Amino acid sequence: MKEYDVVIVGAGPAGSTFSWKLDNDYRSLLIDKRSFDQKKTCAGLLTERAIEYLKKNDLTMDEKVLSKPEKLKQVYLDWDNNEENRNGNLMNVDRVNFDKWLNSLIDQDVETKFNTRYNGHKNKNGHLELYLKGENGEKKIKTSYLIGCDGSASKVRNTCDIPPNKHRIGLQKKTDLDIENAYFVFDEEINSFYSWLVPKDRFTLIGSSFNHSKNLDRFKIFESKIKERFGKFDTYDEEVAPMTMPQKNWLHFGNERVILCGEAAGLISPSSGEGISYALRSGDRAAKTFDKIEDNILNSYKESMKEVVDEILEKKRKQSIIESPEKRIKLFS
Ligand SMILES: Cc1cc2nc3c(=O)[nH]c(=O)nc-3n(C[C@H](O)[C@H](O)[C@H](O)COP(=O)(O)OP(=O)(O)OC[C@H]3O[C@@H](n4cnc5c(N)ncnc54)[C@H](O)[C@@H]3O)c2cc1C
């Protein structure tokens, strides 16, 4: 049975950052169930925190990673209160190319296998036995540490008996609308979260999220309100994906031999659903805890994430204000 020090499941922003930052001395394997050319349901917006992380690491994205317009004004449209508010800038990326680019930063010493699915693991006398399924069938491998970077519906998290993330359903469509800004719409008739319109190269993405599949029909209300306010449009692709819905005690960082990063750990902004900046920072911090392996990895990692957790809990408080049209008007005005 092949043996590793560290196996990373998931080559999204958390897994790629972890693999890039991990010390080369470890025998490490990065796997992902998809191939990189598959679509990823995401609005592809980088917040200031994500941009700050890239700058701090002297990273400049290739031109093909950026979507047009590259910089977007963030505009809040409060349709409950008929208010409009401008708030900062966002960077616009092509999400598939962004993930590919992050992956290209990883040192060749990290063995990488795509189209390989993690199906579970067991603790066996001081190491972990992992069950994988790849192009050549099923396989068992051994590892000392397992890094779960497998996103919102994390199988690694579930296999560790950690309560699974609860989900909203994100629904996104491509349209031929022509707009210049990124709009975030608050409207109780549509949902209790928000909906978005994001220009992306030749298209505009429109999206929303719903607590229950029976509410997916409300997307039609969103579409008809867009038509009233922005004009007619045709839609092309439709994508659906789970979005972590932060509830009580939803953040978990793993156990003795398993570390969770990114959305697998529940790291997402409760007020905006933004997760890329948390994936980058948690992947980075988890890898750095492996620099001093004599310490308790989980405790060092948790310690390094304290300030990020505080930031998220602050956003959770903000979310309860945003949800209420009466309270929201005070926040936006
Ligand atoms: C509709 C929508 C819009 C969003 N828009 C934005 C946005 O504009 N900006 C933003 O910051 N965030 C956005 N997010 C959130 C963002 O996409 C995630 O928070 C971010 O991708 C988390 O990164 P990650 O590396 O933790 O996980 P992911 O990016 O989800 O990567 C997980 C990886 O694990 C792999 N994987 C999963 N299970 C297995 C398995 N069993 N075996 C092997 N591999 C596996 C997957 O193939 C995937 O590549 C959006 C989310 C949704 C649903």
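Per my numbering, the sequence shown starts with residue 14, numbered consecutively.
Glycine is no exception: its CB is placed at the ideal position from the N, C-alpha and C atoms.
If you're wondering where the values come from, they're calculated on a predicted model, not measured in any experiment.
- Of the candidates Asn102, Leu118, Arg294 and Lys329, Asn102 places its Cα closest to the Cα of Lys86.
- Straight through space, the alpha carbons of Leu264 and Ile64 are spaced by roughly 24 Å.
- With a cut-off of 8 Å, the C-beta of Tyr17 is classified as distant from ligand 1, since no heavy atom of the ligand falls inside that distance.
- Boundaries around Tyr291 are those of the alpha helix (DSSP H), Ile289 to Thr302, since no beta strand (DSSP E) includes it.
- Comparing alpha carbon positions, the residue from Lys146, Ala166, Asp107 and Glu193 closest to Arg181 is Ala166.
- If you compare the alpha carbons of Ile219, Ser226, Ala254 and Glu251 with that of Lys238, the shortest gap goes to Ile219.
- C-alpha of Lys227 to C-alpha of Asn309: approximately 45 Å in a straight line.
- Checking the 8 Å criterion, the Cβ of Asn132 is within range of a heavy atom belonging to ligand 1.
- Taking the C-beta atoms as reference points, Ser222 is found nearer than 9 Å to Leu184.
- Between the segment 51–59 and the segment 153–169 there are fewer than three C-beta pairs closer than 8 Å, too few to call the two in contact.
- In this structure, the straight-line span from the alpha carbon of Asp38 to that of Met258 is close to 37 Å.
- With at least 16 other beta carbons inside 10 angstroms of its own, Gly296 counts as buried.
- Beta bridge pairing from DSSP links Gly147 with Gly150.
- When DSSP reads this structure, Leu273 sits in a beta bridge with Gly161.
- The alpha-carbon separation between Lys186 and Glu241 amounts to approximately 18 Å.
- Sixteen is the threshold: since fewer than 16 other Cβ atoms of the shown chains lie within 10 Å of the Cβ of Tyr249, the residue is exposed.
- A distance criterion of 8 Å places the beta-carbon of Ile44 in contact range of ligand 1, judged by its closest non-hydrogen atom.
- The Cβ atoms of Tyr17 and Thr172 do not sit closer than 9 Å to each other.
- Counting only runs that start and end inside the segment 216–251, the beta strand (DSSP E) elements of at least 3 residues fall at 216–223.
- Only residues of its own chain outside the window of five on either side were considered, and among them Asn94 have a CB closer than 6 Å to the CB of Ile342, listed in chain order.
- When DSSP states are grouped into helix, strand and coil, Pro82 belongs to the strand group.
- Here the segment 300–308 does not lie against the segment 186–204, with fewer than 3 beta-carbon pairs under 8 Å apart.
- Counting C-beta atoms within 10 angstroms of its own C-beta, Ser117 has fewer than 16 neighbours from the protein chains shown and is therefore classed as exposed.
- Taking 4 residues as the minimum length, the alpha helix (DSSP H) runs contained wholly in the segment 156–202 are 168–172, in order along the chain.
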